[in-house]
Amino acid sequence: MNATAVSGKDIAARRIWLVVAISIAVVLADQIMKIWVKTNFYLGEDLPITNWFHLKFIENNGMAFGLELWNKIVLTLGRIAAVVLFIWFVIKIKYAQELRCGFFVAVALIIAGAAGNIFDCVFYGRLFNNPMPPEIAVAFPDGGGYAPWFEGRVVDMFYFPLFSFYWPEWLPGVGGRYYEFFQYIFNVADASICIGVGLLIFFYSGDASKAFSLISESKKNTKENDKEK
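Using the numbering used here, you'd call the opening residue of the sequence shown number 4 and step up by one each time.
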(Lines of atoms letter the chains of each structure in order from A and count residues from 1; the text may use other names and numbers.)
(Lines give C-alpha, C1' and ligand atoms only; values in the text may rest on other atoms or scores of the structure.)
Protein backbone atom coordinates (compact mmCIF):
# COMPACT_ATOMS: atom_id res chain seq x y z
CA MET A 1 0.00 0.00 0.00
CA ASN A 2 2.85 2.37 0.86
CA ALA A 3 4.59 1.51 -2.43
CA THR A 4 1.38 2.33 -4.31
CA ALA A 5 1.09 5.65 -2.51
CA VAL A 6 4.70 6.53 -3.29
CA SER A 7 4.18 5.51 -6.91
CA GLY A 8 1.10 7.71 -7.10
CA LYS A 9 3.02 10.65 -5.68
CA ASP A 10 5.85 10.09 -8.15
CA ILE A 11 3.41 10.01 -11.06
CA ALA A 12 1.72 13.18 -9.85
CA ALA A 13 5.06 14.96 -9.43
CA ARG A 14 6.21 13.94 -12.91
CA ARG A 15 2.97 15.18 -14.43
CA ILE A 16 3.21 18.54 -12.67
CA TRP A 17 6.82 18.97 -13.76
CA LEU A 18 5.88 17.98 -17.32
CA VAL A 19 3.15 20.61 -17.45
CA VAL A 20 5.44 23.24 -15.92
CA ALA A 21 8.34 22.42 -18.28
CA ILE A 22 6.18 22.51 -21.42
CA SER A 23 4.50 25.73 -20.30
CA ILE A 24 7.80 27.49 -19.60
CA ALA A 25 9.35 26.30 -22.89
CA VAL A 26 6.39 27.41 -25.00
CA VAL A 27 6.00 30.78 -23.26
CA LEU A 28 9.74 31.49 -23.63
CA ALA A 29 9.72 30.55 -27.33
CA ASP A 30 6.60 32.64 -27.86
CA GLN A 31 7.95 35.72 -26.09
CA ILE A 32 11.40 35.53 -27.69
CA MET A 33 9.82 35.41 -31.14
CA LYS A 34 7.39 38.22 -30.39
CA ILE A 35 10.00 40.54 -28.87
CA TRP A 36 12.36 39.88 -31.78
CA VAL A 37 9.66 40.71 -34.33
CA LYS A 38 8.43 43.70 -32.32
CA THR A 39 11.91 45.24 -32.12
CA ASN A 40 13.11 44.37 -35.65
CA PHE A 41 10.03 44.78 -37.86
CA TYR A 42 7.81 47.79 -38.39
CA LEU A 43 4.08 47.23 -38.09
CA GLY A 44 2.79 45.64 -41.30
CA GLU A 45 6.24 44.62 -42.58
CA ASP A 46 6.14 41.42 -44.63
CA LEU A 47 9.25 39.28 -45.04
CA PRO A 48 8.78 36.37 -47.50
CA ILE A 49 10.79 33.33 -46.43
CA THR A 50 9.32 31.15 -49.20
CA ASN A 51 6.36 31.56 -51.56
CA TRP A 52 4.12 29.91 -48.98
CA PHE A 53 5.64 31.16 -45.71
CA HIS A 54 6.11 34.76 -44.62
CA LEU A 55 6.97 36.61 -41.44
CA LYS A 56 4.44 39.42 -41.34
CA PHE A 57 4.21 41.66 -38.28
CA ILE A 58 0.69 42.55 -37.21
CA GLU A 59 -0.95 43.23 -33.87
CA ASN A 60 -4.47 42.42 -32.76
CA ASN A 61 -6.70 43.18 -29.81
CA GLY A 62 -8.46 39.87 -29.73
CA MET A 63 -8.21 36.13 -29.88
CA ALA A 64 -6.13 33.63 -31.81
CA PHE A 65 -5.32 34.22 -35.51
CA GLY A 66 -6.08 37.94 -35.32
CA LEU A 67 -9.77 37.56 -34.55
CA GLU A 68 -11.14 40.51 -32.60
CA LEU A 69 -14.04 39.88 -30.25
CA TRP A 70 -15.36 41.47 -27.05
CA ASN A 71 -13.92 44.17 -24.84
CA LYS A 72 -10.13 44.13 -24.46
CA ILE A 73 -9.98 44.00 -20.65
CA VAL A 74 -12.80 41.44 -20.49
CA LEU A 75 -10.92 39.24 -22.96
CA THR A 76 -7.67 39.51 -20.97
CA LEU A 77 -9.38 38.69 -17.68
CA GLY A 78 -11.17 35.81 -19.39
CA ARG A 79 -7.82 34.39 -20.54
CA ILE A 80 -6.41 34.67 -17.03
CA ALA A 81 -9.47 32.93 -15.57
CA ALA A 82 -9.12 30.15 -18.17
CA VAL A 83 -5.46 29.57 -17.27
CA VAL A 84 -6.29 29.46 -13.55
CA LEU A 85 -9.09 26.98 -14.28
CA PHE A 86 -6.80 24.72 -16.31
CA ILE A 87 -4.12 24.80 -13.59
CA TRP A 88 -6.75 23.86 -10.99
CA PHE A 89 -7.89 21.09 -13.34
CA VAL A 90 -4.36 19.65 -13.61
CA ILE A 91 -3.87 19.74 -9.84
CA LYS A 92 -7.17 17.93 -9.26
CA ILE A 93 -6.40 15.07 -11.68
CA LYS A 94 -2.64 14.68 -11.18
CA TYR A 95 -3.03 11.39 -9.25
CA ALA A 96 -5.36 9.73 -11.80
CA GLN A 97 -3.25 6.85 -13.11
CA GLU A 98 -5.78 5.99 -15.84
CA LEU A 99 -5.00 9.27 -17.63
CA ARG A 100 -2.25 9.10 -20.23
CA CYS A 101 0.81 11.34 -20.31
CA GLY A 102 -0.18 12.80 -23.69
CA PHE A 103 -3.35 14.19 -22.15
CA PHE A 104 -1.27 16.32 -19.77
CA VAL A 105 0.92 17.41 -22.68
CA ALA A 106 -2.18 18.64 -24.52
CA VAL A 107 -3.45 20.53 -21.47
CA ALA A 108 0.01 22.05 -20.93
CA LEU A 109 0.08 23.33 -24.53
CA ILE A 110 -3.27 25.05 -24.02
CA ILE A 111 -2.16 26.60 -20.72
CA ALA A 112 1.11 27.80 -22.27
CA GLY A 113 -0.56 29.28 -25.33
CA ALA A 114 -3.09 31.20 -23.28
CA ALA A 115 -0.35 32.41 -20.92
CA GLY A 116 1.80 33.62 -23.83
CA ASN A 117 -0.95 35.84 -25.20
CA ILE A 118 -1.86 37.02 -21.70
CA PHE A 119 1.69 38.35 -21.33
CA ASP A 120 1.23 40.55 -24.41
CA CYS A 121 -2.11 41.87 -23.21
CA VAL A 122 -0.95 42.66 -19.69
CA PHE A 123 2.56 44.03 -20.30
CA TYR A 124 3.22 45.06 -23.92
CA GLY A 125 1.16 48.25 -23.71
CA ARG A 126 3.50 49.48 -20.96
CA LEU A 127 6.76 48.01 -22.29
CA PHE A 128 6.72 49.28 -25.90
CA ASN A 129 5.89 52.43 -27.81
CA ASN A 130 3.76 52.47 -30.96
CA PRO A 131 5.53 54.41 -33.72
CA MET A 132 4.12 54.93 -37.18
CA PRO A 133 5.63 52.66 -39.88
CA PRO A 134 8.36 52.41 -41.05
CA GLU A 135 9.70 53.23 -37.58
CA ILE A 136 10.32 50.24 -35.31
CA ALA A 137 9.09 49.98 -31.73
CA VAL A 138 11.49 50.24 -28.82
CA ALA A 139 11.25 48.74 -25.35
CA PHE A 140 10.96 50.98 -22.27
CA PRO A 141 10.45 54.21 -24.26
CA ASP A 142 11.08 57.56 -22.54
CA GLY A 143 7.54 58.70 -23.20
CA GLY A 144 5.99 55.56 -21.77
CA GLY A 145 4.11 52.74 -23.45
CA TYR A 146 1.25 52.92 -25.91
CA ALA A 147 -1.52 51.57 -23.62
CA PRO A 148 -2.44 50.98 -19.95
CA TRP A 149 -1.92 47.68 -18.16
CA PHE A 150 -4.12 44.85 -19.51
CA GLU A 151 -4.72 46.69 -22.80
CA GLY A 152 -1.67 45.69 -24.79
CA ARG A 153 -1.98 44.16 -28.25
CA VAL A 154 -1.01 40.61 -29.18
CA VAL A 155 1.88 40.26 -31.63
CA ASP A 156 1.38 37.89 -34.59
CA MET A 157 3.87 37.00 -37.29
CA PHE A 158 3.44 33.57 -38.97
CA TYR A 159 1.70 33.84 -42.33
CA PHE A 160 1.15 30.85 -44.63
CA PRO A 161 -0.46 31.89 -47.96
CA LEU A 162 -0.49 28.32 -49.28
CA PHE A 163 -2.75 28.98 -52.27
CA SER A 164 -5.31 31.46 -53.55
CA PHE A 165 -8.02 31.76 -56.20
CA TYR A 166 -11.13 33.68 -57.25
CA TRP A 167 -14.51 32.10 -56.69
CA PRO A 168 -16.50 31.53 -59.93
CA GLU A 169 -18.81 34.45 -60.72
CA TRP A 170 -21.89 32.23 -60.74
CA LEU A 171 -21.54 31.19 -57.08
CA PRO A 172 -24.08 33.07 -54.93
CA GLY A 173 -22.64 35.18 -52.13
CA VAL A 174 -18.95 34.62 -52.91
CA GLY A 175 -18.84 34.81 -56.71
CA GLY A 176 -15.88 36.80 -58.00
CA ARG A 177 -14.31 37.17 -54.57
CA TYR A 178 -10.65 36.52 -53.90
CA TYR A 179 -9.92 33.65 -51.50
CA GLU A 180 -6.63 32.82 -49.86
CA PHE A 181 -5.72 29.80 -47.77
CA PHE A 182 -4.32 30.19 -45.15
CA GLN A 183 -5.02 33.91 -44.62
CA TYR A 184 -4.80 34.10 -40.83
CA ILE A 185 -1.62 35.34 -39.18
CA PHE A 186 -0.71 33.75 -35.87
CA ASN A 187 2.04 33.28 -33.26
CA VAL A 188 3.67 30.48 -31.25
CA ALA A 189 1.03 30.78 -28.51
CA ASP A 190 -1.84 30.42 -31.00
CA ALA A 191 -0.19 27.35 -32.53
CA SER A 192 0.31 25.85 -29.07
CA ILE A 193 -3.38 26.27 -28.21
CA CYS A 194 -4.51 24.76 -31.51
CA ILE A 195 -2.15 21.78 -31.21
CA GLY A 196 -3.32 21.17 -27.64
CA VAL A 197 -6.99 21.36 -28.59
CA GLY A 198 -6.37 19.13 -31.62
CA LEU A 199 -4.67 16.51 -29.46
CA LEU A 200 -7.59 16.55 -27.02
CA ILE A 201 -10.18 16.19 -29.78
CA PHE A 202 -8.49 13.54 -31.92
CA PHE A 203 -6.42 11.52 -29.46
CA TYR A 204 -7.39 12.21 -25.86
CA SER A 205 -11.12 12.90 -25.81
CA GLY A 206 -11.58 9.73 -23.75
CA ASP A 207 -9.04 10.96 -21.21
CA ALA A 208 -10.84 14.30 -21.02
CA SER A 209 -14.13 12.53 -20.29
CA LYS A 210 -12.47 10.43 -17.59
CA ALA A 211 -10.89 13.52 -16.05
CA PHE A 212 -14.20 15.38 -15.85
CA SER A 213 -15.86 12.28 -14.40
CA LEU A 214 -13.16 12.02 -11.73
CA ILE A 215 -13.61 15.66 -10.75
CA SER A 216 -17.39 15.22 -10.65
CA GLU A 217 -17.05 12.15 -8.44
CA SER A 218 -14.61 13.98 -6.18
CA LYS A 219 -17.07 16.84 -5.70
CA LYS A 220 -19.89 14.38 -5.02
CA ASN A 221 -17.82 12.53 -2.41
CA THR A 222 -16.85 15.80 -0.77
CA LYS A 223 -20.50 16.84 -0.47
CA GLU A 224 -21.46 13.46 0.99
CA ASN A 225 -18.65 13.66 3.54
CA ASP A 226 -19.74 17.17 4.51
CA LYS A 227 -23.31 15.94 5.05
CA GLU A 228 -22.10 13.08 7.26
CA LYS A 229 -20.17 15.54 9.41
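Beta carbons are placed, not taken as given, at the ideal position from N, Cα and C, and that holds for glycine.
With distances taken between CB atoms, is the gap from residue i to residue j smaller than 9 Å?
| i | j | result |
| --- | --- | --- |
| residue 215 | residue 109 | no |
| residue 2 | residue 127 | This structure gives no information on residue 2, because the portion of the chain shown stretches from 4 to 232. |
| residue 30 | residue 85 | no |
| residue 61 | residue 160 | yes |
| residue 98 | residue 15 | yes |
| residue 148 | residue 168 | no |
| residue 89 | residue 113 | yes |
Per DSSP, what are the beta-bridge partners of residue i in this structure?
| i | result |
| --- | --- |
| residue 59 | 49 |
| residue 167 | 183 |
| residue 218 | DSSP, once it has assigned bridges, lists no residue as partnering residue 218. |
| residue 142 | 131 |
| residue 158 | 62 |
| residue 188 | 162 |
Report the residue from the options whose alpha carbon sits nearest the alpha carbon of residue i.
| i | options | result |
| --- | --- | --- |
| residue 56 | 187, 20, 155 | 187 |
| residue 164 | 179, 157, 151, 185 | 185 |
| residue 36 | 221, 192, 13 | 192 |
| residue 50 | 203, 162, 196, 200 | 162 |
| residue 166 | 33, 87, 199, 183 | 183 |
| residue 100 | 10, 221, 208, 138 | 10 |
| residue 152 | 80, 25, 21 | 80 |
| residue 82 | 52, 59, 125, 53 | 125 |
| residue 198 | 138, 176, 106, 174 | 106 |
| residue 196 | 118, 138, 175 | 118 |
Leaving out the 5 sequence neighbours to the left and right, which residues in its chain are closer than 6 Å to residue i when beta-carbon positions are compared?
| i | result |
| --- | --- |
| residue 104 | none |
| residue 157 | 63, 120, 123 |
| residue 75 | 64, 154 |
| residue 221 | none |
Please list, in chain order, all residues of the same chain as residue i whose beta carbon is under 8 Å from its beta carbon, the five residues on each side excluded.
| i | result |
| --- | --- |
| residue 136 | 45, 46, 47, 48 |
| residue 92 | 110, 214, 218 |
| residue 178 | 170, 171, 172 |
| residue 18 | 93, 97, 104, 107 |
| residue 138 | 45 |
| residue 52 | 58 |
Between which residues of its own chain and residue i is the CB-CB distance below 7 Å, once the five residues before and five after are set aside?
| i | result |
| --- | --- |
| residue 102 | 96, 210, 213, 214 |
| residue 140 | 41, 42, 131, 132, 133, 134 |
| residue 13 | none |
Open item on the list: What ranges does the alpha helix (DSSP H) occupy inside the region 74-128, keeping only unbroken runs of at least 4 residues that lie completely in it?
Closed with: The region 74-128 contains these whole alpha helix (DSSP H) runs: 75-96, 104-122.
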